[in-house]
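Each residue of the sequence shown is one higher than the one before, counting from 44 in the working numbering.
Backbone N, C-alpha and C define an ideal beta-carbon position, used for all residues, glycine too.
No experiment lies behind these values; they were computed from the predicted model shown.
Read through the structure below, which is laid out as structure tokens, and then see the notes.
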Amino acid sequence: MDQRWGLDEDEALKQKLTGFTVPNYSDGREIPIAVYYRFPDSEERERSFPHIAIDLTEITFAAERAHRAVEYILDYDLEQATPLSGFSLVGDDFPLPWNLVYQLGVYSRQPRHDRAMLMMLYQMFPETYGSLDMSNFDGTVRRADLISVVRRDTVDKSNKRLYRNIFTVSISSEFFLNQIRTVQHNTQGVNIDLLSYINQPAVPV
């Protein structure tokens, strides 16, 4: 399994959300929208507004995209009645599909910023044909399915209004096994020596 699995999707999602601004209606300046991981490993923890927080919340098996079959490559002529001696079968299985489910928390202080960011996320992750460009990582373009959008406006400790929208998005992924197994018949029996264990002292639990 690729050791970058999950990490590349995190980074691609952050890149997709980075580089956008909202207007400051008092003076016309463009305010950048910061993008953070909700539980960062090494990035700064102080947050500015507006911002988007990325959180991987669930990993589920994508049964609707799964294919279970094994192909056999034979090294003898199929028209022969019996295979040649010493033949082997090579099986190459399909990769296992998974869904990486992210929650994107969209935070702002002003109602106009809230509406602008809400529209931006709806355009990035539409109800149908949403995608995540992974071409800089593995040359693929993934599905990005919008699952739900929930409003969770609140008031913080300073008694200031906090506008918050939670977008739940599912990103398609796979375990690329890339393993070839040689199937061989076992021509020898299995010998289990129980005598070496009978006289051993009991191991306390």
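With which residues is W141 paired in a DSSP beta bridge?
Taking the first residue of the sequence shown as position 1, residue 141 is located at position 98. Beta-bridge pairing links W141 to F104, S216.
Compute the distance between the beta-carbons of R186 and I209, then report whether it is under 8 Å.
In the sequence shown, the residue the question calls residue 186 occupies position 143. In the sequence shown, the residue the question calls residue 209 occupies position 166. No, the Cβ-Cβ distance between R186 and I209 is not below 8 Å.
Is H156 helix, strand or coil by DSSP?
By 1-based counting over the sequence shown, the position of residue 156 is 113. Helix at H156.
Which value, in whole angstroms, describes the spacing of the CA atoms of T225 and D181?
Position 182 of the sequence shown holds residue 225. Position 138 of the sequence shown holds residue 181. Because the pLDDT at T225 is just 38, under 50, the model does not fix this residue reliably, and the value given afterwards should be weighed accordingly. Each residue's Cα considered, the two are about 28 Å apart.
Is it true that the CB of Y150 sits closer than 8 Å to the CB of F63?
Counting from 1 along the sequence shown, the entry for residue 63 is found at position 20. Counting from 1 along the sequence shown, the entry for residue 150 is found at position 107. Going by C-beta atoms, F63 is not nearer than 8 Å to Y150.
Only counting the same chain, and skipping five residues up and downstream in sequence, which positions put a Cβ closer than 7 Å to that of T197?
Within the sequence shown, the letter at position 154 stands for residue 197. Around T197: L205, R207.
Under three-state DSSP, which class holds T98?
Here the question's residue 98 lines up with position 55 in the sequence shown. The displayed chain sequence assigns Asp, not Thr, to residue 98. Here D98 sits in strand by DSSP.
At what residues does the beta strand (DSSP E) containing D188 begin and finish?
In the sequence shown, the residue the question calls residue 188 occupies position 145. Element bounds for D188: 183-194.
Could you please give me the residues that DSSP links to E170 through a beta bridge?
Within the sequence shown, numbered from 1, the residue matching residue 170 stands at position 127. None, per the DSSP bridge assignment.
State the DSSP-derived secondary structure class of D176, mapped to helix, strand or coil.
For the purposes of this step, residue 176 is identified with residue 133 of the sequence shown, where counting begins at 1. If DSSP states are grouped into helix, strand and coil, D176 belongs with the strands.
Cutting at 6 Å between CB atoms, please list the residues of its own chain near I192, excluding the five before and the five after it.
As a first step, residue 192 must be located in the sequence shown, where it is residue number 149. The amino acid at residue 192 is misidentified as Ile; the sequence shows Val. Around V192: F210.
Identify, in the order they occur along the chain, each residue of the same chain with its Cβ nearer than 6 Å to the Cβ of L99, setting aside the five sequence neighbours on each side.
The count along the sequence shown starts at 1 and reaches residue 99 at position 56. Y145, listed in sequence order.
For S213, tell me which candidate among N202, I190, D199, S201 has the shortest Cα-Cα distance.
Within the sequence shown, numbered from 1, the residue matching residue 213 stands at position 170. It is I190.
Looking at C-alpha atoms only, which residue of R108, I102, G71 is the closest neighbour of W48?
Looking up residue 48 in the sequence shown gives position 5. Nearest C-alpha to W48: I102.
If you draw a straight line from the C-alpha of Y68 to the C-alpha of I74, how long is it?
Locating residue 68 in the sequence shown gives position 25, where the first residue counts as 1. Locating residue 74 in the sequence shown gives position 31, where the first residue counts as 1. Their backbone Cα atoms lie some 10 Å apart in a straight line.
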